[in-house]
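Per numbering that gives the first Met the number 0, the very first residue in the sequence shown carries number 0; after that it's consecutive.
To keep things clear, I will list the structure first and then write my remarks on it.
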Amino acid sequence: MPNPLFDALLGPHLDRERVCITTPDGQNLSFRDVITQTARIANSLCALGLGKEDVLAVQVEKSPTALCIYLACLQTGIVFLPLNTGYTAAELRYFITDSAAKLLICDKDKYACLVDNLPDIAMLTLNDDGTGTLADHAQKQPGHFSTVACCADDLAALLYTSGTTGRSKGAMLTQGNLLSNAQTLVDLWQFDHHDRLIHALPIYHTHGLFVAMNVALISGAEVYLMPAFDAGLVIEQMPKATALMGVPTFYTRLLDSPAFNRSVTENMRLFVSGSAPLLQDTHEKFEAISGHRILERYGMTETGMSISNPYSGARRAGTVGLALPDVDIRIVDESKGTAVVRGEIGMLEVRGENVFQGYLNMPEKTAEAFRADGFFITGDLARQDDQGYVHIVGREKDLIISGGLNIYPKEIEQVLDAQFGVLESAVIGVPHPDFGETPVGILVARPRAKLDIVSIQTGLAGQLARFKQPRQLIVVDILPRNTMGKVQKNLLRKQYTNLFA
Ligand code: ATP
Ligand code: MG
0 MPNPLFDALL GPHLDRERVC ITTPDGQNLS FRDVITQTAR IANSLCALGL
50 GKEDVLAVQV EKSPTALCIY LACLQTGIVF LPLNTGYTAA ELRYFITDSA
100 AKLLICDKDK YACLVDNLPD IAMLTLNDDG TGTLADHAQK QPGHFSTVAC
150 CADDLAALLY TSGTTGRSKG AMLTQGNLLS NAQTLVDLWQ FDHHDRLIHA
200 LPIYHTHGLF VAMNVALISG AEVYLMPAFD AGLVIEQMPK ATALMGVPTF
250 YTRLLDSPAF NRSVTENMRL FVSGSAPLLQ DTHEKFEAIS GHRILERYGM
300 TETGMSISNP YSGARRAGTV GLALPDVDIR IVDESKGTAV VRGEIGMLEV
350 RGENVFQGYL NMPEKTAEAF RADGFFITGD LARQDDQGYV HIVGREKDLI
400 ISGGLNIYPK EIEQVLDAQF GVLESAVIGV PHPDFGETPV GILVARPRAK
450 LDIVSIQTGL AGQLARFKQP RQLIVVDILP RNTMGKVQKN LLRKQYTNLF
500 A
């Protein structure tokens with residue numbers, strides 16, 4: 000039976016003995032092994048009463064089996080809902096209730112916390128070591144499954160946004176959304192079966208699941224699946240690999256490692272960064288040490304990838320590159336509803352086959368997020384230069400309006416980051432009795448550096464208009480980040496909300 004996404008991911012590899020996934024603990028699965036394990040899980044899920052359009056919630060550690068659960072959902076038409084492994088039992092309740100999931104797969108500890116509190120859902124276990132009731136059940140099932148017919152418009156996954164700006168929203172993604180995006184990226188980034196991808200991202204997020212795994216499977220590339228990022232292990236694998244997809248913190252951690260040098264990267268052909276802004280400084284240092292220019296791209300849970308630096312053309316630090324070939328983008332002056340003049344800042348909007356169907360159970364939020372002509376309003380402010388490269392200026396929710404003037408935190412952060420001894424910074428708007436809001440800079444010092452606040456303030460005064468200069472600079476040990484390396488400015492705003500009260 001036709002099933003566009005499943006057929007594209009595993010169809011071409013039906014008879015392949017080639018390696019599909021290896022892991023640091025010595026697992027080695029061929030494409031045929033993955034197909035068989037997927038079929039056993041698909042049979043299990045159906046035997047347990049799940050079918051097309053039912054939601055399966057999965058909160059398990061990263062493993063080949065976890066990936067086979069995703070693939071089994073595609074093969075059966077069950078909607079896959081992966082959940083951040085950091086979510087507590089109380090948080091899980093929200094996702095499970097909101098999604099009306101029929102079955103939850105989690106580890107035995109979560110199971111023990113939840114079993115008496117979630118009466119309306121069936122539960123199976125999958126533990127870190129691969130044991131559990133799912134494995135027991137699947138082992139007894141046949142290793143072949145007749146793929147359920149699906150079409151491009153059928154829902155494939157429900158993926159909740161990272162919750163950086165508020166409560167996570169469930170993005171409804173179809174087979175067509177995921178497939179079109181993966182095929183575009185395979186072509187653009189030139190993946191094929193000679194590639195070996197180091198996979199160190201979580202697989203409950205669009206980056207590690209849809210970008211990394213769908214691209215690797217479609218192209219027949221081998222995946223080295225690490226449970227989590229480990230700089231030493233990544234460096235050790237590089238001579239046997241060709242590509243790494245990461246968040247910016249991966250790259251700063253590689254740079255911090257004395258074992259990272261040009262010779263270990265000689266076999267690598269591609270380093271991709273995304274999910275959060277890559278500092279220009281990181282980009283430049285990485286090139287100086289390794290000779291590779293990191294390829295930065297931009298995407299969201301709701302859209303998959305929309306914008307990417309080119310593979311062959313200029314990869315420009317501080318930009319996320321050009322619109323993908325089949326994605327329309329525009330930058331809009333929201334007050335007028337029309338495109339800005341090229342070079343000016345406005346709201347980034349995106350349209351294409353990659354764009355999701357809407358937020359689950361949130362018709363108003365969905366309606367607010369789309370224009371009548373189908374463009375999705377990303378919530379990110381951006382500008383496009385004369386060559387079409389997009390610069391993400393920051394989220395609209397992080398924009399500071401002080402005395403009626405717009406202040407873009409990123410502009411101030413770039414100046415702060417360049418000051419002596421500053422490792423990184425976050426600029427937030429804090430309520431102020433005279434100005435409504437005022438910028439405050441939160442700084443982290445480089446290791447062993449002592450920050451001289453007065454000289455930093457003098458440095459800022461030389462470069463930024465008075466109204467943009469942070470009213471206060473605060474030094475902290477680390478910035479709060481979520482698991483994707485995104486700075487959680489909402490937490491900082493909450494923490495410092497009474498600074499000028
Ligand atoms: P929520 O929508 O729940 O607040 P979130 O937006 O952080 O959470 P994701 O969908 O994981 O959830 O992240 C998408 C966002 O990540 C984008 O809107 C953008 O702000 C940011 N982002 C992704 N890639 C980049 C990049 N290369 N540079 C700058 N920002 C990026
Ligand atoms: Mg978002």
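Just so it is clear, CB atoms sit at the ideal spot from N, CA and C, and this is done for glycine as well.
Exercise. With 16 other CB atoms within 10 Å as the buried threshold, where does D385 fall?
Worked result: The residue given as residue 385 occupies position 386 in the sequence shown. Classification of D385: exposed, given that the 10 Å Cβ count is below 16.
Exercise. Going by DSSP, what residues sit across from E423 in a beta bridge?
Worked result: For the purposes of this step, residue 423 is taken as the residue at position 424 of the sequence shown. BP columns for E423 point to V443.
For this session: State yes or no: is the C-beta of I288 nearer than 7 Å to some heavy atom of the ligand SAM?
Result: Absent from the structure shown: the ligand SAM. Ligands present: the ligand ATP and the ligand MG.
For this session: Classify A258 as buried or exposed, calling it buried when 16 or more other Cβ atoms lie within 10 Å of its own Cβ.
Result: Your numbering for residue 258 matches position 259 in the sequence shown. Exposed is the call here.
Exercise. On the three-state DSSP scale, how would you describe F369?
Worked result: Stepping through the sequence shown from its first residue, residue 369 is reached at position 370. Three-state result, F369: strand.
Exercise. Any contact of the region 288-295 with the region 306-317, i.e. 3+ C-beta pairs under 8 Å?
Worked result: Cβ pair count under 8 Å is three or more, so yes.
Problem set entry | Option in G402, L224, E395 with minimal Cα separation from Q26 | Taking the first residue of the sequence shown as 1, we reach residue 26 at position 27. Nearest option by C-alpha distance: L224.
For this session: Closer than 6 Å by C-beta to S160: which residues in its own chain qualify, once you throw out the five before and the five after it? Chain order, please.
Result: Within the sequence shown, the letter at position 161 stands for residue 160. Checking the displayed sequence, the identity of residue 160 turns out to be Thr instead of Ser. Cβ neighbours of T160 beyond the five flanking positions: S167, K168, T300.
Exercise. Are the beta-carbon atoms belonging to L113 and L125 less than 8 Å from one another?
Worked result: For the purposes of this step, residue 113 is taken as residue 114 along the sequence shown, with counting starting at 1. For the purposes of this step, residue 125 is taken as residue 126 along the sequence shown, with counting starting at 1. Cβ atoms of L113 and L125: not closer than 8 Å.
Exercise. M244: buried (16+ other C-beta within 10 angstroms of its C-beta) or exposed?
Worked result: Residue 244 sits at position 245 when you count from the first residue of the sequence shown. Classification of M244: buried, given that the 10 Å Cβ count is 16 or more.
Exercise. On the three-pair Cβ rule with 8 Å, is the region 235-252 touching the region 267-279?
Worked result: The region 235-252, when compared against the region 267-279, does touch it at the 8 Å Cβ threshold.
Problem set entry | Every unbroken beta strand (DSSP E) inside the region 250-337 [3 residues or more] | Counting only runs of at least 3 residues, the region 250-337 fully encloses the following beta strand (DSSP E) elements, listed from N- to C-terminal order: 269-272, 294-299, 303-307, 326-332.
Problem set entry | Close-in-space but distant-in-sequence residues of the same chain around N308 (CB under 6 Å, 5 per side omitted) | For this step, residue 308 is matched to residue 309 along the sequence shown. Correct list, in chain order: L294, E295, R314, G320.
For this session: Might you give, ordered along the chain, the residues of its own chain that have their beta carbon closer than 6 Å to the beta carbon of L9, omitting 5 neighbours on each side?
Result: Walking along the sequence shown from the start, residue 9 turns up at place 10. Excluding sequence neighbours, L9 sits near I34.
Problem set entry | Residues sharing a beta bridge with A242, DSSP | For the purposes of this step, residue 242 is identified with residue 243 of the sequence shown, where counting begins at 1. A242 is bridged to L196, L269.
Exercise. Cβ of G509 versus every heavy atom of the ligand MG: is any distance shorter than 7 Å?
Worked result: Nothing can be reported for residue 509, as the shown portion of the chain is limited to 0 through 500.
Exercise. Whose C-beta lies closer than 6 Å to the C-beta of F190 among residues of the same chain, with five residues either side of it excluded?
Worked result: For this step, residue 190 is matched to residue 191 along the sequence shown. A distance below 6 Å between beta-carbons, with the five flanking residues on each side excluded, links F190 to the following residues of its chain, in chain order: V214, S218, A220.
Problem set entry | Cβ neighbours of A417 in the same chain (closer than 7 Å, five flanking residues each side left out) | Taking the sequence shown and counting its residues from 1, one reaches residue 417 at position 418. For A417, where only same-chain residues beyond five positions count, there are no Cβ hits under 7 Å.
Exercise. Within the present structure, is the beta-carbon of M299 separated from the nearest heavy atom of the ligand MG by less than 7 Å?
Worked result: In the sequence shown, residue 299 corresponds to position 300, counting from 1. Checking the Cβ of M299 against the ligand MG gives yes.
For this session: Quick one: grab the DSSP three-state call for M212.
Result: Mapped onto the sequence shown, residue 212 falls at position 213. M212 sits in a helix when the DSSP states are folded into three classes.
Problem set entry | Host beta strand (DSSP E) of G378 (start-end) | On the sequence shown, residue 378 is found 379 positions in, with the first residue counted as 1. For G378, the enclosing beta strand (DSSP E) stretches over residues 375-383.
Problem set entry | Close beta carbons around L184, own chain, < 7 Å, minus the five adjacent residues each side | Counted from its first residue, the sequence shown places residue 184 at position 185. For L184, the CB contacts under 7 Å within the same chain, skipping 5 residues up- and downstream, are V210, V214, M304 in chain order.
Exercise. Is it a yes or a no for the region 372-390 touching the region 325-339, going by three-plus beta-carbon pairs under 8 Å?
Worked result: Counting Cβ pairs under 8 Å, three or more are found: they touch.
For this session: On a CA-only basis, which of T163, Y495, N116, A275 is nearest E436? Give me that one, please.
Result: Here the question's residue 436 lines up with position 437 in the sequence shown. Put simply, of T163, Y495, N116, A275 the residue whose alpha carbon is nearest the alpha carbon of E436 is Y495.
Problem set entry | Nearest candidate by alpha-carbon position, reference T87, set N116, C72, Q74 | Locating residue 87 in the sequence shown gives position 88, where the first residue counts as 1. Out of N116, C72, Q74, N116 has the C-alpha closest to the C-alpha of T87.
For this session: Between the Cα of N404 and those of Q468, D97, V59, spot the shortest distance and give me the residue it belongs to.
Result: Here residue 404 is taken as the residue at index 405 of the sequence shown, counted from 1. Per the sequence shown, residue 404 should be read as Leu rather than Asn. Considering only alpha carbons, the answer is Q468.
Exercise. What three-state label does DSSP hand N481 in the structure shown?
Worked result: Here the question's residue 481 lines up with position 482 in the sequence shown. The answer is coil: DSSP assigns N481 none of H, G, I, E or B.
Problem set entry | N42 to P141 span [Cα, whole Å] | Counted from its first residue, the sequence shown places residue 42 at position 43. Counted from its first residue, the sequence shown places residue 141 at position 142. Per the coordinates, the alpha-carbon of N42 lies some 7 Å from the alpha-carbon of P141.
Exercise. With 16 other CB atoms within 10 Å as the buried threshold, where does T523 fall?
Worked result: Absent from the structure is residue 523, since the part of the chain shown begins at 0 and ends at 500.
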